[in-house]
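Asker: My structure is below; once you've seen it, I'll send some questions.
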Amino acid sequence: KRNPSFEKNRFAKFLIYFMGAFWAAYLVFIGVMLSIALKKGTPNMEAYHVFNQFIVYLLFIDFLLRFMAQPATSQEIKPYLLFPIKKNRLIDTFLLQSGLSTFNLFWFFLIVPFAIMTIPETYGFFGVIFYLFGMWLLYIMNNYWYQLCKTLLKQKTLYILLPIVVYAGLLALDVLPDKNLFGLVTMDLGEAF
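Numbering (this note's numbering) for the sequence shown: 42 to 234.
This is how it looks when you write it as structure tokens:
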């Protein structure tokens with residue numbers, strides 16, 4: 042407490058938590074309003090089918106947010122390499138820790154209210170659970186994709202082209218055909234369950 046930077050650190054933590062709560066409330070509001078708007082705006086389609094067409098864009102935004110805010114696992118491992126621990130075990134531990142990070146649940150403030158308001162009418166309670174579980178797996182895969190890109194980028198700057206090419210390809214698959222490819226895929230998967 043005698044440290045002069047104690048008050049600054051406390052204020053910075055308060056500001057970070059306040060902004061996190063602000064964005065969480067904002068995403069909950071968007072999730073609720075989006076479900077109402079899609080129900081009224083697309084009466085001949087299910088609201089979650091329309092929402093699923095934009096999942097690729099959410100994953101891209103999530104990737105960019107991770108790139109700016111989340112440190113790469115490869116940088117966190119370096120100090121522990123001096124200990125007598127097997128490298129594979131260390132990497133597995135950090136990858137598991139990264140997969141279970143709360144950063145993977147950030148978009149759930151948007152997805153959970155949306156799912157609760159749209160999916161139970163068609164698929165019931167278990168439909169909501171499976172939908173949220175699938176979304177969680179998507180964001181975990183996006184986390185590992187980010188970790189791979191960030192690690193490769195530390196080796197060579199040319200690897201910045203890898204996520205650009207992948208997301209540009211996904212955007213081209215979404216925009217160029219007459220019908221929305223991701224919308225068709227998510228509708229077919231939804232009907233299968």
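Note that the Cβ used here is the ideal one computed from N, Cα and C, for glycine as well.
Which residue from F104, G175, T143 and L173 puts its Cα closest to that of P204?
Answerer: Answer by Cα proximity: F104.
Asker: Give the DSSP-derived three-state secondary structure of F234 in the structure shown.
Answerer: Per-residue confidence for F234 stands at a pLDDT of 45, beneath the threshold of 50, marking its modelled position as unreliable; the derived number appears in the next sentence. F234 falls in the coil class under three-state DSSP.
Asker: Can you tell me the Cα-Cα spacing of F55 and A66, whole angstroms?
Answerer: Approximately 16 Å, taken between the alpha carbons.
Asker: Here's the rule I'm using: 16 or more other beta-carbon atoms within 10 Å means buried, otherwise exposed. How should E87 be labelled?
Answerer: When all chains shown are included, E87 counts as buried.
Asker: Applying the criterion that 16 or more other CB atoms from any shown protein chain within 10 Å of the CB defines a buried residue, is G210 buried or exposed?
Answerer: Exposed, because fewer than 16 other Cβ atoms sit within 10 Å of the Cβ of G210.
Asker: State the start and end residues of the unbroken alpha helix (DSSP H) segment that holds K119.
Answerer: From DSSP, K119 is part of no alpha helix (DSSP H); its letter is neither H nor E.
Asker: By Cβ distance, which residues of its chain are closer than 7 Å to E117, with the 5 residues on each side in sequence left out?
Answerer: Answer for E117: F135, listed in chain order.
Asker: Helix or strand or just coil, what does DSSP make of K191?
Answerer: If DSSP states are grouped into helix, strand and coil, K191 belongs with the helices.
Asker: Leaving out five residues on either side along the sequence, give the residues of the same chain with a beta carbon under 7 Å from the beta carbon of L194.
Answerer: If we look at L194 and ignore the five residues flanking it on each side, its Cβ neighbours are Y200 and I201.
Asker: Consult DSSP for W177 and reduce its assignment to one of helix, strand or coil.
Answerer: Three-state result, W177: helix.
Asker: On the DSSP letters alone, give me the boundaries of the alpha helix (DSSP H) that I102 sits inside.
Answerer: Counting along the chain, the alpha helix (DSSP H) containing I102 begins and ends at I96 to A110.
Asker: Go ahead and label A156 buried or exposed: buried means 16 or more other beta carbons lie within 10 angstroms of its beta carbon, across all protein chains shown.
Answerer: Under this definition A156 is a buried residue.
Asker: For F101, which residues from the same chain have a beta carbon less than 7 Å from its beta carbon, with the 5 sequence-adjacent residues on both sides left out?
Answerer: Taken in chain order, the residues that qualify are Y208.
Asker: In whole angstroms, what is the alpha-carbon distance linking Y121 and F52?
Answerer: Answer to the nearest angstrom: the Cα atoms are 31 Å apart.
Asker: On a CA-only basis, which of L137, I170, N50 and I71 is nearest N184? Give me that one, please.
Answerer: It is L137.
Asker: Go through the segment 53-103 residue by residue and report every complete run of the beta strand (DSSP E) that reaches 3 residues or more, in order.
Answerer: Correct list: empty.
Asker: In chain order, what residues of the same chain have a beta carbon less than 6 Å from the beta carbon of L68, not counting five sequence neighbours either side?
Answerer: Contacts found: F150 and L151.
Asker: Among K128, W148, R107 and I126, which has the Cα closest to the Cα of M176?
Answerer: Among K128, W148, R107 and I126, the Cα nearest to that of M176 is on W148.
Asker: Classify W148 as helix, strand or coil using the three-state DSSP reduction.
Answerer: Coil at W148, not helix or strand.
Asker: Mapping DSSP to helix, strand and coil, what is F166?
Answerer: Here F166 sits in helix by DSSP.
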